[in-house]
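Using the numbering used here, read the sequence shown as starting at 949 and increasing by one per residue.
Encoded as structure tokens, the structure appears first; notes follow it.
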Amino acid sequence: MAKILLVEDDGTLATRVLEWLESERHVVEHAQSGTLACERLEDFQYEIIILDLGLPDMSGIDVLKKFRARGGITPVLILTGQDGVEDKERGLDSGADDYLTKPFDARELSARLRALQRRPQNFSGVTLTAGLLVLDTVSRKVKLNDVEIALKPREFAMLEYMMRRPGKVVSPDELLRNVWGSDSDSTSETIYTHIKNLRKKLTMEGVDPPIKTVHGVGYRVDL
């Protein structure tokens, strides 16, 4: 699962891409304009950005340049009908990580997204460890003391988010923004319920609980 920002003004295509990516358990937010995309990128964090170039209010290249100029390092996949060599060269030279032209096969899109997730960016790594807890981001498997633990997609995403930030206290609001998405109607009570269920699954005799509570602040996973 990855948190993805889809920047696409074609409503029909956006719906098709959203449905496909959500069927693959990604969390996807949609911005229909360059202005909205820039606002989202200032306020929220994403693991991958899918960016159209032909936006109604500004060029996707301008969105990309602004994001990179602010220090943004999230992988960007350009998804566009502009298929000339010059277009591809301009997009990649402006800071894009990959370029896919329309029309495209959804399976190829998924393969390219998986490749971007494997690159050593700010959300790098394939296997995450915290003591006896091991999380594999590719196989989507979690093991505690070498015993496989079955997690629901959202539980897996929460655990992965915290394990990528070892020692850092993650607040419920941060989990809501980055795992549920900024458009979600979920509340901190949702986080509490999921953390409770996740802890129950990760409880094992003789093993130190991997998720710690910092009362009044949030949750932490230590190495």
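Think of the CB as a built atom: it goes at the ideal place given N, C-alpha and C, for glycine as much as any other residue.
The structure displayed is predicted, hence computed values, not measured ones.
In the structure shown, Tyr1109 falls within a helical segment according to DSSP collapsed to helix, strand and coil. When secondary structure is reduced to three states using DSSP, Ile998 falls in the strand class. Between Ile1021 and Leu954, the CB-CB gap reaches or exceeds 8 Å.
The beta carbons of Gly1039 and Ile1009 sit closer together than 8 Å.
Between the alpha carbons of Val1011 and Gly982 lies a gap of roughly 6 Å. Closest in alpha carbon position to Ser1058, among Pro1114, Leu969, Val1162, is Leu969.
About 7 Å separates the Cβ atoms of Gly1115 and Leu1171, confirming a contact at the 8 Å cut-off. Of Lys1036, Thr1085, Leu1081, the smallest CA-CA separation from Asn1093 is found for Leu1081. Remark: fewer than three beta-carbon pairs, one from each stretch, lie closer than 8 Å, so the segment 975 to 994 and the segment 1133 to 1147 are not flagged as touching. Check the Cα spacing between Glu1153 and each of Val1117, Val1095, Leu1064, Gly1019: the tightest is with Val1095. Leaving aside the five residues that flank Glu956 on each side, the residues in its chain whose CB is nearer than 6 Å to its CB run, in chain order, Ala962, Asp1000. Judged by DSSP secondary structure, Asp1035 falls within the alpha helix (DSSP H) whose first and last residues are 1033 to 1041. In the three-state scheme derived from DSSP, where H, G and I count as helix and E and B as strand, His1163 is classed as coil. Linking Thr1085 to Leu984 through their CA atoms gives a straight-line distance of about 30 Å. The distance from the Cβ of Gly1032 to that of Pro1158 is about 50 Å, inconsistent with a contact at the 8 Å cut-off. In the DSSP assignment, Ala1059 is bridged to no other residue.
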